[in-house]
Each structure stands twice: as C-alpha cells, then as structure tokens.
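Taking it in order: structure first as structure tokens, then the write-up.
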Amino acid sequence: MGFFEIFMIGIGLSMDAFAVAICKGLSMRRIKLENILVIALFFGGFQAIMPMAGYFLGKQFEEYIVSVDHWIAFALLAFIGGKMIADVLRGEDDDEHLSADSVLDIKELFILAVATSIDALAVGISFAFLRVDIGIAAATIGVTTFILSSAGVIIGNRFGARYKDKAALAGGIILILIGLKILLEHLGYI
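Start counting the sequence shown at 212; every next residue gets the next number (the numbering used here).
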C-alpha cells in the first residue's frame, strides 16, 4: 500500500473528527489558537494512536473489536449529541456561566476523540495483515486529522457565531447522525 492510499484512508477516517470539530467550533463564542490546537491534537492524536493499537492487537482480537466498535461509537456520539440537543431545548446558555476564554472540557474531548477514532483501530488491524509501515500510516492519518480538525473548528465557529442555538441543535443532531451512520454501516444497512 502506497502513500496515496494511506493518505486517502486518513481523509476517510478524518471525516467524523472533522464533523465533530465543526460542532465544537459551533459551541464556542470565541476561539483561540490554543483551543484549536487542543481539539486538533486530541482528534489527530487518537487517529494516530488507534491504528497503532489495532496493528499490535493483531488478528486474534479482530472478531471481538469489529463486532462492538460501531455500538461504542454510536453510544458515545449519541450521548454527547443528545446532551447538546437537551441543553438547547432547555434553554441553557453556556455563556451564562462560562467566559469567552473558558477552558475546554477535556473529558468530553476524550470521549469524542475515542468515539471518532474507533474505526481507525479496525483499520490498524487490517494494516497488520497488509504489512503496512505502521509508523508512516499512523503519522499520515494523525496529521491529516489534525489539519482537518483545525479547519473544522474554525468553520464551525464562523457559522456558529451568528446562529448559536440553531447551530448547537444542528451540531447535536449531526453527532447523533454520525453515530447512527457508523452503526448502520457496520450492521450492513448502508
């Protein structure tokens, strides 16, 4: 497998993280470079770590991981998306108790990074069978995700500054739909 194929896999794996980064940008009143870097490092880092973990787990665990990865991703994304929707419907405004320079919720970022990178674990298992250089593959996937996640935060913030409540509602729905898409793909309906 050549660099181009690995790069294209990286783009494909990055799409969920890109969409979630847009949602994070939607929820921020003002973004700072530090926030963009933290979000991009979480998503890019997990997208790089998961293929390596999958690669080293190897074939003996493939059937166990593949059989539940979509359920885990769906549950995590549905939970975060549902929380976003519930906050909007209850009329809760994060701006009432957070300053413009508030810190990111690291626990939430961790959950989102894991949820959007579970597919990369399975890809890592397949890389082991294809004898792909896992260092190059993981770095390519991680850097690609880092760049796309950074762009996602900026895009989301530019849109969300004008339409905060509608954007937060849309962001929650998008997260649930991404989780549902992952679930339905793995169950063979899509």
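We treat Cβ as the ideally placed atom computed from N, Cα and C, and that holds for glycine.
Other residues of its chain near residue i: CB distance less than 8 Å, five sequence neighbours each side excluded
i    : result
G390 : A284, F285, A286, L287, L288, A289, G292, A326
A264 : L332, G335
Residue i versus the options, residue with shortest Cα-Cα distance
i    : options                : result
A230 : T356, G399, E396, L398 : T356
F215 : A381, V279, I352       : I352
I366 : I387, I233, G213, I222 : I233
Q258 : A324, I317, I296       : A324
D421 : V249, A297, I387       : Not covered by the structure: residue 421. The range shown for the chain is 212 to 401.
C-beta contact flag for residue i and residue j at 8 Å
i    : j    : result
R335 : M261 : For clarity, residue 335 is Gly in the given sequence; the question names Arg instead. A contact, by the Cβ cut-off of 8 Å.
G255 : N368 : no
I217 : I347 : yes
Y266 : A339 : yes
F253 : L320 : yes
Other residues of its chain near residue i: CB distance less than 6 Å, five sequence neighbours each side excluded
i    : result
H281 : I393, L394, H397
Segment contact, 8 Å Cβ cut-off, at least three pairs: the region 239 to 246 with the region 213 to 228: no
Which ranges does the alpha helix (DSSP H) cover as unbroken runs of at least 4 residues, wholly within the region 218 to 283, from first to last along the chain? 244 to 268
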